[in-house]
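>
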Amino acid sequence: YERKEIKDVLSYLRIMVNPRDDESMLRIINTPPRGIGKATLRNLLDIAEERKISLFDALEFTDIPALSSFRSLLHELMDEKEDVRDAVRAVLNKTGYLSYLEESGKEEDLNRIENLEELVSSIDEWVRRTGETSVSSYLSTISLYTEIDRWDKSEMVNLMTLHNTKGLEFEVVIITGVEDGILPHRRSLEEGNEEEERRLFYVGITRAKKRLYILYSRARGTSWGPSRFLGEIGREGVKFVGSPERGRRVFHPYYGEGIVIGVEDGGRKITVDFGTFTKKFIVDLAPLKFLDNGDY
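If you read the sequence shown in this note's numbering, its first letter stands for residue 4, the second for the next number, and so on.
This is the structure in C-alpha coordinates:
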(Lines of atoms letter the chains of each structure in order from A; the text may use other names.)
(Lines give C-alpha, C1' and ligand atoms only; values in the text may rest on other atoms or scores of the structure.)
Protein backbone atom coordinates (compact mmCIF):
# COMPACT_ATOMS: atom_id res chain seq x y z
CA TYR A 4 0.00 0.00 0.00
CA GLU A 5 3.02 2.32 -0.20
CA ARG A 6 2.86 2.63 -3.96
CA LYS A 7 1.61 5.93 -5.33
CA GLU A 8 -0.96 4.40 -7.65
CA ILE A 9 -2.42 2.27 -4.83
CA LYS A 10 -2.69 5.30 -2.54
CA ASP A 11 -4.40 7.22 -5.35
CA VAL A 12 -7.05 4.55 -5.89
CA LEU A 13 -7.63 4.11 -2.16
CA SER A 14 -8.13 7.87 -1.85
CA TYR A 15 -10.87 7.68 -4.48
CA LEU A 16 -12.51 4.85 -2.54
CA ARG A 17 -12.35 6.89 0.67
CA ILE A 18 -14.03 9.82 -1.06
CA MET A 19 -16.80 7.51 -2.27
CA VAL A 20 -17.51 6.59 1.36
CA ASN A 21 -16.71 9.95 2.96
CA PRO A 22 -16.70 12.80 0.41
CA ARG A 23 -15.70 15.27 3.11
CA ASP A 24 -12.27 13.67 3.56
CA ASP A 25 -10.21 16.71 2.54
CA GLU A 26 -6.88 14.88 2.70
CA SER A 27 -8.02 12.33 0.14
CA MET A 28 -9.70 15.03 -1.93
CA LEU A 29 -6.46 16.99 -2.27
CA ARG A 30 -4.69 13.84 -3.43
CA ILE A 31 -7.13 12.97 -6.23
CA ILE A 32 -8.49 16.33 -7.38
CA ASN A 33 -6.00 16.49 -10.25
CA THR A 34 -5.03 12.82 -10.43
CA PRO A 35 -4.89 11.95 -13.23
CA PRO A 36 -4.32 15.47 -14.61
CA ARG A 37 -7.67 17.09 -15.46
CA GLY A 38 -6.78 20.77 -15.78
CA ILE A 39 -7.14 21.71 -12.12
CA GLY A 40 -4.03 23.77 -11.49
CA LYS A 41 -2.79 25.69 -8.48
CA ALA A 42 -4.93 28.78 -9.16
CA THR A 43 -8.11 26.74 -9.54
CA LEU A 44 -7.35 24.74 -6.41
CA ARG A 45 -6.63 27.95 -4.51
CA ASN A 46 -10.05 29.25 -5.53
CA LEU A 47 -11.70 26.12 -4.16
CA LEU A 48 -9.71 26.27 -0.93
CA ASP A 49 -10.74 29.89 -0.44
CA ILE A 50 -14.41 28.99 -0.85
CA ALA A 51 -14.11 26.15 1.66
CA GLU A 52 -12.29 28.34 4.17
CA GLU A 53 -14.68 31.27 3.79
CA ARG A 54 -17.77 29.12 4.24
CA LYS A 55 -16.21 26.73 6.78
CA ILE A 56 -17.12 23.71 4.68
CA SER A 57 -15.33 20.74 3.14
CA LEU A 58 -13.73 20.86 -0.30
CA PHE A 59 -16.43 18.53 -1.60
CA ASP A 60 -19.17 20.87 -0.43
CA ALA A 61 -17.25 23.82 -1.85
CA LEU A 62 -17.51 22.26 -5.31
CA GLU A 63 -21.20 23.24 -5.29
CA PHE A 64 -20.27 26.93 -5.10
CA THR A 65 -18.02 27.19 -8.15
CA ASP A 66 -18.79 27.30 -11.85
CA ILE A 67 -15.23 26.67 -13.02
CA PRO A 68 -15.68 24.00 -15.75
CA ALA A 69 -12.87 21.71 -14.56
CA LEU A 70 -14.28 21.67 -11.01
CA SER A 71 -17.86 21.19 -12.20
CA SER A 72 -16.77 18.22 -14.29
CA PHE A 73 -14.88 16.77 -11.33
CA ARG A 74 -17.96 17.18 -9.12
CA SER A 75 -20.06 15.24 -11.62
CA LEU A 76 -17.42 12.51 -11.76
CA LEU A 77 -17.48 12.10 -7.97
CA HIS A 78 -21.27 11.79 -7.90
CA GLU A 79 -21.05 9.15 -10.61
CA LEU A 80 -18.44 7.20 -8.65
CA MET A 81 -20.49 7.33 -5.45
CA ASP A 82 -23.21 5.34 -7.18
CA GLU A 83 -20.77 2.40 -7.28
CA LYS A 84 -19.83 2.32 -3.59
CA GLU A 85 -22.08 -0.60 -2.63
CA ASP A 86 -19.71 -3.17 -4.14
CA VAL A 87 -15.98 -2.60 -3.79
CA ARG A 88 -15.31 -4.71 -6.90
CA ASP A 89 -17.42 -2.35 -9.02
CA ALA A 90 -16.03 0.65 -7.19
CA VAL A 91 -12.36 -0.03 -7.88
CA ARG A 92 -13.04 -0.76 -11.56
CA ALA A 93 -15.09 2.44 -11.84
CA VAL A 94 -12.22 4.42 -10.36
CA LEU A 95 -9.72 2.98 -12.82
CA ASN A 96 -11.92 3.47 -15.88
CA LYS A 97 -14.24 6.42 -15.29
CA THR A 98 -11.52 8.69 -13.91
CA GLY A 99 -9.25 7.98 -16.87
CA TYR A 100 -6.53 6.80 -14.49
CA LEU A 101 -5.91 3.53 -16.32
CA SER A 102 -5.92 5.05 -19.81
CA TYR A 103 -3.59 7.82 -18.59
CA LEU A 104 -1.01 5.21 -17.53
CA GLU A 105 -1.49 3.17 -20.71
CA GLU A 106 -1.01 6.18 -22.98
CA SER A 107 2.13 7.24 -21.12
CA GLY A 108 4.10 4.32 -22.52
CA LYS A 109 6.72 4.71 -19.78
CA GLU A 110 8.01 1.49 -18.27
CA GLU A 111 7.35 2.80 -14.77
CA ASP A 112 3.71 3.48 -15.66
CA LEU A 113 3.36 0.02 -17.18
CA ASN A 114 4.62 -1.35 -13.86
CA ARG A 115 1.98 0.75 -12.10
CA ILE A 116 -0.70 -0.88 -14.24
CA GLU A 117 0.54 -4.30 -13.11
CA ASN A 118 0.32 -3.17 -9.48
CA LEU A 119 -3.24 -1.94 -10.00
CA GLU A 120 -4.20 -5.25 -11.59
CA GLU A 121 -2.84 -6.96 -8.48
CA LEU A 122 -4.94 -4.62 -6.32
CA VAL A 123 -8.09 -5.53 -8.25
CA SER A 124 -7.28 -9.23 -7.88
CA SER A 125 -6.63 -8.83 -4.15
CA ILE A 126 -10.00 -7.09 -3.72
CA ASP A 127 -11.76 -9.91 -5.57
CA GLU A 128 -10.00 -12.39 -3.29
CA TRP A 129 -10.96 -10.35 -0.19
CA VAL A 130 -14.63 -10.49 -1.22
CA ARG A 131 -14.47 -14.26 -1.77
CA ARG A 132 -12.73 -14.78 1.55
CA THR A 133 -14.86 -12.50 3.75
CA GLY A 134 -18.21 -12.40 2.01
CA GLU A 135 -18.16 -8.62 2.44
CA THR A 136 -18.66 -6.32 -0.55
CA SER A 137 -18.99 -2.74 0.68
CA VAL A 138 -16.25 -0.19 0.13
CA SER A 139 -16.42 0.89 3.77
CA SER A 140 -15.83 -2.68 4.99
CA TYR A 141 -12.84 -3.07 2.69
CA LEU A 142 -11.32 0.22 3.83
CA SER A 143 -11.76 -0.83 7.45
CA THR A 144 -9.90 -4.06 6.74
CA ILE A 145 -6.87 -2.33 5.26
CA SER A 146 -6.77 0.52 7.77
CA LEU A 147 -3.96 -1.22 9.66
CA TYR A 148 -1.78 -1.31 6.56
CA THR A 149 -2.41 2.31 5.68
CA GLU A 150 -1.62 3.28 9.26
CA ILE A 151 1.71 1.44 8.99
CA ASP A 152 2.44 3.50 5.87
CA ARG A 153 2.35 6.62 8.04
CA TRP A 154 4.96 5.38 10.50
CA ASP A 155 8.41 6.88 10.55
CA LYS A 156 10.48 4.56 8.38
CA SER A 157 13.80 6.33 8.94
CA GLU A 158 15.10 3.41 11.01
CA MET A 159 13.32 0.63 9.14
CA VAL A 160 14.82 -2.01 6.86
CA ASN A 161 12.61 -3.52 4.14
CA LEU A 162 13.55 -6.94 2.77
CA MET A 163 12.08 -7.69 -0.66
CA THR A 164 12.78 -9.19 -4.05
CA LEU A 165 13.74 -7.03 -7.01
CA HIS A 166 10.35 -7.77 -8.59
CA ASN A 167 8.55 -6.30 -5.59
CA THR A 168 10.50 -3.03 -5.68
CA LYS A 169 8.82 -1.87 -8.88
CA GLY A 170 7.20 1.50 -8.33
CA LEU A 171 8.92 2.08 -4.98
CA GLU A 172 11.79 4.38 -3.99
CA PHE A 173 14.08 4.36 -0.96
CA GLU A 174 16.75 6.66 0.40
CA VAL A 175 19.25 3.79 0.52
CA VAL A 176 19.16 0.52 -1.42
CA ILE A 177 21.39 -2.51 -0.83
CA ILE A 178 21.40 -5.25 -3.49
CA THR A 179 23.13 -8.48 -2.53
CA GLY A 180 24.28 -11.43 -4.61
CA VAL A 181 25.12 -9.43 -7.74
CA GLU A 182 26.99 -12.35 -9.27
CA ASP A 183 26.79 -14.35 -12.47
CA GLY A 184 24.63 -17.36 -11.72
CA ILE A 185 22.52 -15.33 -9.30
CA LEU A 186 21.97 -12.02 -11.13
CA PRO A 187 21.74 -12.89 -13.95
CA HIS A 188 20.38 -16.20 -12.73
CA ARG A 189 21.97 -19.37 -14.04
CA ARG A 190 18.67 -20.58 -15.48
CA SER A 191 18.06 -17.30 -17.31
CA LEU A 192 21.48 -17.51 -18.91
CA GLU A 193 20.86 -21.07 -20.02
CA GLU A 194 17.45 -20.16 -21.48
CA GLY A 195 18.64 -16.98 -23.19
CA ASN A 196 16.71 -14.58 -20.92
CA GLU A 197 19.66 -12.38 -19.99
CA GLU A 198 17.91 -9.20 -21.16
CA GLU A 199 15.04 -9.69 -18.72
CA GLU A 200 17.56 -10.13 -15.90
CA ARG A 201 19.31 -6.93 -17.03
CA ARG A 202 16.01 -5.03 -16.88
CA LEU A 203 15.37 -6.42 -13.39
CA PHE A 204 18.81 -5.27 -12.24
CA TYR A 205 18.08 -1.82 -13.68
CA VAL A 206 14.83 -1.67 -11.72
CA GLY A 207 16.75 -2.46 -8.54
CA ILE A 208 19.53 0.10 -8.92
CA THR A 209 17.11 2.88 -9.88
CA ARG A 210 15.09 2.48 -6.66
CA ALA A 211 17.80 4.36 -4.71
CA LYS A 212 17.22 8.08 -4.17
CA LYS A 213 20.51 8.87 -2.42
CA ARG A 214 22.80 5.88 -2.05
CA LEU A 215 23.13 2.44 -3.63
CA TYR A 216 25.21 -0.46 -2.32
CA ILE A 217 25.91 -3.41 -4.63
CA LEU A 218 27.35 -6.48 -2.92
CA TYR A 219 28.91 -9.62 -4.35
CA SER A 220 30.97 -12.51 -3.05
CA ARG A 221 34.40 -13.22 -4.47
CA ALA A 222 33.92 -16.94 -3.83
CA ARG A 223 30.63 -18.83 -3.76
CA GLY A 224 29.80 -22.32 -4.92
CA THR A 225 26.61 -21.28 -6.72
CA SER A 226 27.94 -18.34 -8.73
CA TRP A 227 30.65 -17.54 -11.24
CA GLY A 228 32.06 -14.33 -9.80
CA PRO A 229 30.87 -10.71 -10.03
CA SER A 230 27.91 -10.11 -12.33
CA ARG A 231 28.55 -9.14 -15.93
CA PHE A 232 26.09 -6.29 -15.38
CA LEU A 233 28.55 -4.48 -13.12
CA GLY A 234 30.75 -3.71 -16.08
CA GLU A 235 27.84 -1.93 -17.78
CA ILE A 236 27.10 0.73 -15.16
CA GLY A 237 30.25 2.82 -15.72
CA ARG A 238 32.63 4.27 -13.17
CA GLU A 239 31.22 7.76 -12.60
CA GLY A 240 29.98 8.14 -9.04
CA VAL A 241 31.01 4.57 -8.19
CA LYS A 242 33.21 3.79 -5.20
CA PHE A 243 34.51 0.29 -4.54
CA VAL A 244 34.11 0.06 -0.77
CA GLY A 245 36.59 -2.30 0.80
CA SER A 246 38.90 -2.10 -2.19
CA PRO A 247 42.61 -2.46 -1.42
CA GLU A 248 44.37 0.85 -0.89
CA ARG A 249 48.03 1.68 -1.31
CA GLY A 250 50.06 0.50 1.64
CA ARG A 251 47.70 -2.42 2.43
CA ARG A 252 49.48 -5.66 3.36
CA VAL A 253 48.51 -8.76 1.41
CA PHE A 254 49.44 -12.42 1.44
CA HIS A 255 49.76 -14.66 -1.62
CA PRO A 256 50.11 -18.44 -1.08
CA TYR A 257 52.98 -18.64 -3.58
CA TYR A 258 54.69 -15.24 -3.43
CA GLY A 259 54.24 -14.61 0.29
CA GLU A 260 53.58 -11.27 1.95
CA GLY A 261 53.65 -7.99 0.04
CA ILE A 262 52.50 -4.38 0.03
CA VAL A 263 49.99 -2.82 -2.37
CA ILE A 264 51.78 -0.04 -4.26
CA GLY A 265 49.30 0.60 -7.07
CA VAL A 266 45.52 0.56 -7.50
CA GLU A 267 43.72 0.70 -10.86
CA ASP A 268 40.20 0.45 -12.23
CA GLY A 269 38.50 1.41 -8.98
CA GLY A 270 40.33 -1.28 -7.01
CA ARG A 271 39.77 -4.16 -9.39
CA LYS A 272 43.44 -4.29 -10.33
CA ILE A 273 46.41 -3.84 -7.98
CA THR A 274 50.17 -3.92 -8.08
CA VAL A 275 51.92 -5.63 -5.16
CA ASP A 276 55.54 -5.20 -4.10
CA PHE A 277 56.92 -8.48 -2.73
CA GLY A 278 60.30 -6.97 -1.87
CA THR A 279 62.45 -8.23 -4.73
CA PHE A 280 59.81 -8.00 -7.45
CA THR A 281 56.33 -6.61 -8.19
CA LYS A 282 53.26 -8.34 -9.60
CA LYS A 283 49.94 -7.13 -10.98
CA PHE A 284 46.72 -8.92 -10.02
CA ILE A 285 43.04 -8.83 -10.87
CA VAL A 286 41.67 -8.76 -7.33
CA ASP A 287 38.60 -10.91 -7.99
CA LEU A 288 40.69 -13.67 -9.58
CA ALA A 289 43.84 -13.70 -7.49
CA PRO A 290 44.18 -15.91 -4.35
CA LEU A 291 45.09 -12.92 -2.21
CA LYS A 292 44.37 -12.43 1.46
CA PHE A 293 44.24 -8.82 2.63
CA LEU A 294 45.86 -8.45 6.02
CA ASP A 295 45.02 -6.10 8.85
CA ASN A 296 47.79 -4.60 10.94
CA GLY A 297 47.44 -7.35 13.52
CA ASP A 298 47.62 -10.22 11.02
CA TYR A 299 50.82 -12.21 10.65
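C-beta atoms are modelled at their ideal positions from N, C-alpha and C, and glycine is treated no differently.
Looking at the structure shown, is Phe-284 part of a helix, part of a strand, or coil, going by DSSP?
The three-state secondary structure of Phe-284, taken from DSSP, is strand.
> What is the DSSP secondary structure of Lys-292, reduced to helix, strand or coil?
Three-state result, Lys-292: strand.
> Consult DSSP for Gly-265 and reduce its assignment to one of helix, strand or coil.
strand
> Please classify Thr-164 as buried or exposed, where buried requires at least 16 other C-beta atoms within 10 Å of its C-beta.
exposed
> Can you tell me the Cα-Cα spacing of Leu-233 and Arg-115, whole angstroms?
Each residue's CA atom was taken as its position, placing Leu-233 and Arg-115 some 27 Å apart.
> Looking at the strands, I want to know which residues DSSP matches up with Ala-211.
Under DSSP, the beta-bridge partners assigned to Ala-211 are Phe-173.
> Going by DSSP in three states, Glu-260 sits in which element: helix, strand or coil?
strand
> The beta strand (DSSP E) that contains Thr-43, what's its start and end?
Thr-43 -> not in any beta strand (DSSP E); alpha helix (DSSP H) instead, spanning 41 to 54.
> With a threshold of 8 Å, are at least 3 pairs of Cβ atoms found where one atom belongs to the segment 45 to 61 and the other to the segment 11 to 23?
The segment 45 to 61, when compared against the segment 11 to 23, does touch it at the 8 Å Cβ threshold.
> Specify, as a first and last residue, the run of the alpha helix (DSSP H) that Lys-97 falls within.
87 to 97
> Along the chain, where does the alpha helix (DSSP H) that runs through Asp-127 open and close?
110 to 133
> Round the Cβ separation of Gly-270 and Pro-290 to the nearest angstrom and send it over; I've been treating them as touching at under 8 Å.
Actually they do not touch by this definition, with Cβ atoms about 17 Å apart.
> Would you identify the three-state DSSP class for Arg-252, choosing helix, strand or coil?
strand
> Grouping DSSP H, G and I as helix and E and B as strand, with all else coil, what is Asp-11?
helix
> Grab the span of the beta strand (DSSP E) containing Thr-274 for me, first residue to last.
272 to 276
> Of the residues Asp-60, Ala-69, Leu-16, which one's Cα is nearest the Cα of Ile-39?
Ala-69
> Which of the three DSSP states, helix, strand or coil, is assigned to Glu-63?
helix
> Is the beta carbon of Ile-31 less than 8 Å from the beta carbon of Asp-11?
yes
> The alpha helix (DSSP H) spanning Pro-68 covers which residue range?
Run containing Pro-68: 68 to 81, per the alpha helix (DSSP H) assignment.
> Counting Cβ pairs, one atom from each stretch, are 3 or more of them under 8 Å apart for the segment 247 to 267 and the segment 195 to 209?
no
> Write down the C-beta distance between Glu-83 and Ala-90 rounded to the nearest angstrom, noting that I regard them as a contact closer than 8 Å.
About 5 Å separates the beta carbons of Glu-83 and Ala-90, which is inside the 8 Å limit, making them a contact pair.
> Any idea what DSSP makes of Ile-178, helix, strand or coil?
strand
> State whether the segment 161 to 178 contacts the segment 121 to 138, with contact taken as three or more CB pairs (one from each stretch) at a distance under 8 Å.
no
> To the nearest angstrom, how far is the alpha carbon of Glu-5 from that of Arg-17?
If I take the Cα positions, the gap works out to 16 Å.
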